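Chains A and B supply the protein sequences, listed in that same order. Residues 1 to 142 in the working numbering are what the first sequence spells out, letter by letter. Residues 1 to 146 in the working numbering are what the second sequence spells out, letter by letter. Note that CB positions come from ideal geometry on N, CA and C, so glycine has one too. Bear in mind the structure is a predicted one, so any value in this text is a computation, not a measurement. Encoded as structure tokens, the structure appears first; notes follow it.
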Amino acid sequence: MEMDWIWGLIGGLMIGSAGAFYLLVNGRVMGASGIIGGLVDRSGWSTWAERAAFIAGLALIPALIRPFYGVPVLTHVTNNWPVIIAAGLLVGIGTRVANGCTSGHGVCGISRFSLRGIGATVFYLLAGGISVIIFRHFLSVI
Amino acid sequence: MMRSLSAFIAGGLFGAGLLVSGMTDTQKVQGWLDIFGDWDPTLAFVLGGAILPMTVAWNIASRRARAVLGNDLPEKSGSEIDRNLVIGSVMFGAGWGLVGLCPGPAVASISWGGIGGLVFLLSMLAGMLTAPAFRARLSRMAAALT
Chain A
1 MEMDWIWGLI GGLMIGSAGA FYLLVNGRVM GASGIIGGLV DRSGWSTWAE RAAFIAGLAL
61 IPALIRPFYG VPVLTHVTNN WPVIIAAGLL VGIGTRVANG CTSGHGVCGI SRFSLRGIGA
121 TVFYLLAGGI SVIIFRHFLS VI
Chain B
1 MMRSLSAFIA GGLFGAGLLV SGMTDTQKVQ GWLDIFGDWD PTLAFVLGGA ILPMTVAWNI
61 ASRRARAVLG NDLPEKSGSE IDRNLVIGSV MFGAGWGLVG LCPGPAVASI SWGGIGGLVF
121 LLSMLAGMLT APAFRARLSR MAAALT
């Protein structure tokens, strides 16, 4: 537990390096919601192969690495189905309406000092914090 | 082919980083958002660590005409914090807090996230599918108000 921040930093550097690589080699902003959403609503269909390959790597490589961890790595997703479905819909619609999520607006936006990226990050962090306060501490559903 | 290969590498490194950093564990993400509970500062190190190489990359990109594989680099981002950015980000944040998954980790953890992770991902994809209609509705409502 006390080592978590070091792993956070190492993992963060890996995430940033992936974004740097994608930007400089492919010329694209590494935003997960944009890459996935462009396939879902077909707005990015002309670059479908590149998007599909990114998603394949994103799903496959962690699956290959995870067994090498000594301890089980879990997601601890709630088993409250209405909460899961509502959250999924909110994340899906929200990231597409805002045109970005934690990777696009957060990592790639803040690092280029984009006002939109910084603004989005402020709003989703605030909303996330308020969401946890309401649903964990007042309503006790999560 | 080269574009797909490098996209696969980028996606893989992104996913590995999400796993290593702990961002596929919803307890850590919700622990970060829960400032009145047992607050977990890990996410600040993840975001800080990720921004560092990205800052260098944007700096290099600004001095290049094209990406390595030949196509244009992303154009300058807009600076307007508009209605959609605010409404969308608030919706996203609310959902992110509820379960602790954002789009990247939702895909990265799909092989071990169980049925809960799968239902979240499918709901997220459904949300993305309806987003264009939702966006159109928002602009109609805004037009009606003015």
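Please classify residue i: is it buried, with 16 or more other beta-carbons within 10 angstroms of its beta-carbon, or exposed?
i, result
"residue 75/B", "exposed"
"residue 8/B", "buried"
"residue 124/B", "buried"
"residue 63/B", "exposed"
"residue 151/B", "This structure gives no information on residue 151/B, because the portion of chain B shown stretches from 1 to 146."
"residue 115/B", "exposed"
"residue 41/B", "exposed"
"residue 34/A", "buried"
"residue 140/B", "exposed"
Could you work out which residue in the options is closest to residue i when comparing CA atoms only?
i, options, result
"residue 132/B", "26/A, 18/A, 43/A, 9/A", "43/A"
"residue 72/B", "109/A, 29/A, 54/A", "29/A"
"residue 79/B", "71/A, 65/A, 56/A, 118/A", "118/A"
"residue 65/B", "34/A, 37/A, 81/A, 25/A", "25/A"
"residue 73/A", "7/B, 120/B, 109/B", "109/B"
"residue 120/A", "103/B, 87/B, 145/B", "87/B"
"residue 2/B", "69/B, 59/B, 62/B, 11/B", "69/B"
"residue 78/A", "20/A, 142/A, 15/A, 36/A", "142/A"
"residue 124/A", "141/B, 29/B, 146/B", "29/B"
"residue 19/A", "4/A, 8/A, 54/A, 40/A", "54/A"
"residue 112/B", "10/B, 25/B, 11/B", "25/B"
"residue 91/A", "116/B, 77/B, 128/B", "128/B"
"residue 33/B", "4/B, 120/B, 139/B, 101/B", "101/B"
"residue 71/A", "45/B, 31/B, 22/B, 40/B", "22/B"
"residue 68/A", "106/B, 105/B, 19/B", "19/B"
"residue 126/A", "142/B, 35/B, 144/B, 55/B", "35/B"
"residue 12/A", "146/B, 43/B, 119/B", "43/B"
"residue 46/B", "14/A, 105/A, 112/A, 41/A", "14/A"
"residue 81/A", "120/B, 39/B, 142/B", "120/B"
I'd like to confirm the pairing. Which residues does DSSP put opposite residue i in its beta bridges?
i, result
"residue 112/A", "Per DSSP, none; premise fails for residue 112/A."
"residue 66/B", "72/B"
Check: Of all the residues that make up the stretch 4-21 of chain A, which are near chain B by a beta-carbon distance shorter than 7 Å?
Finding: 4, 5, 7, 8, 9, 10, 11, 12, 13, 14, 15, 16, 17, 18, 19, 20, 21
Next item on the list: Evaluate the contact criterion for the stretch 47-54 of chain B versus the stretch 78-89 of chain A: three or more CB pairs, one atom per stretch, below 8 Å.
Entry: no
Notebook entry, point to check: When you check each C-beta in the stretch 37-51 of chain B against every C-beta of chain A, which residues fall closer than 9 Å?
Noted result: 37, 40, 41, 42, 43, 44, 45, 46, 47, 48, 49, 50, 51
Next item on the list: Tell me, please, whether the stretch 59-67 of chain A touches the stretch 3-23 of chain B by the rule of three or more beta-carbon pairs shorter than 8 Å.
Entry: Pairwise C-beta distances place the stretch 59-67 of chain A in contact with the stretch 3-23 of chain B, as three or more of them are shorter than 8 Å.
Checklist line | chain A contacts made by the stretch 117-140 of chain B, where a contact means CB separation under 8 Å | finding: 117, 119, 120, 121, 122, 123, 124, 125, 126, 127, 128, 129, 130, 131, 132, 134, 135, 138
Margin query: Taking 8 Å as the cut-off, does the stretch 73-87 of chain B touch the stretch 41-58 of chain A (at least 3 CB pairs, one atom from each stretch)?
Written below: no
Check: Just checking, does the stretch 89-109 of chain B make contact with the stretch 91-98 of chain A on the three C-beta pairs under 8 Å criterion?
Finding: yes
Notebook entry, point to check: Using 8 Å as the Cβ pair cut-off and three pairs as the minimum, do the stretch 124-131 of chain A and the stretch 95-108 of chain B touch?
Noted result: yes
Note to self: I'd like to know if the stretch 101-121 of chain A and the stretch 132-144 of chain B are in contact, where contact means that at least 3 CB-CB pairs between them fall below 8 Å.
What the structure shows: no
Next item on the list: Quick one: which residues of the stretch 43-55 of chain A get their C-beta closer than 9 Å to a C-beta of chain B? List them in chain order.
Entry: 43, 47, 49, 50, 51, 52, 53, 54, 55
Check: When you check each C-beta in the stretch 118-141 of chain A against every C-beta of chain B, which residues fall closer than 7 Å?
Finding: 119, 120, 123, 124, 125, 126, 127, 128, 129, 131, 132, 133, 135, 136, 137
Margin query: Residues of the stretch 59-84 of chain A in Cβ contact with chain B at a cutoff of 8 Å, in chain order, please.
Written below: 59, 60, 61, 62, 63, 65, 66, 73, 74, 75, 76, 77, 78, 79, 81, 83, 84
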